[in-house]
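Counting from 1 along the sequence shown, just add 7 to a position and that's the residue number in our numbering.
Heads up: the structure comes next, in structure tokens.
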Amino acid sequence: MLVLRCKPGHSIHIDVKANVDPATPVGHLFGHSGISIYIGYSDREEVRLAVQAPPSFNVVHSKELT
Numbered sequence: 008m009l010v011l012r013c014k015p016g017h018s019i020h021i022d023v024k025a026n027v028d029p030a031t032p033v034g035h036l037f038g039h040s041g042i043s044i045y046i047g048y049s050d051r052e053e054v055r056l057a058v059q060a061p062p063s064f065n066v067v068h069s070k071e072l073t
């Protein structure tokens, strides 16, 4: 599980890892768990998120403000 501190303008990108065969059925990618995002804390300045994803997925936190 990845725990992130996010501020306005940050983003989270969830994508299939590059080494996964594109022909893999969606059910096999997710297994029995799927992707879960938990909100641990929030206020006016920040949100703390916990992201849990199967090992076939990358979770990337971007701190670039848009």
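Positions of the beta carbon are idealized from the N, C-alpha and C atoms, including for glycine.
Can you tell me whether residue i is buried or exposed? The criterion is at least 16 other CB atoms within 10 Å of its CB, across all chains shown.
| i | result |
| --- | --- |
| A57 | exposed |
By alpha-carbon positions, which one of the options ends up nearest to residue i?
| i | options | result |
| --- | --- | --- |
| I37 | P61, E53, V66 and N26 | The residue you asked about is not Ile; residue 37 is Phe in the sequence shown. Of the candidates P61, E53, V66 and N26, the one whose C-alpha sits nearest the C-alpha of F37 is P61. |
| I42 | S69, F64 and K70 | F64 |
| P15 | V23, K24, E53 and N26 | E53 |
Between which two residues does the beta strand (DSSP E) holding residue i run?
| i | result |
| --- | --- |
| H20 | S18 to V23 |
| G47 | S43 to S49 |
| H35 | Careful: H35 lies outside any beta strand (DSSP E), inside the alpha helix (DSSP H) at V33 to F37. |
| S69 | F64 to S69 |
| A57 | V54 to Q59 |
| V10 | L9 to C13 |
Can you find the residues in the same chain that come closer than 7 angstroms, C-beta to C-beta, to residue i, ignoring five residues on each side of it along the sequence?
| i | result |
| --- | --- |
| K24 | S63, F64 and N65 |
| R12 | E53 and R55 |
Among residues of its own chain, excluding the 5 on either side of residue i, which ones have a beta-carbon nearer than 6 angstroms to its beta-carbon?
| i | result |
| --- | --- |
| L9 | V58 and V66 |
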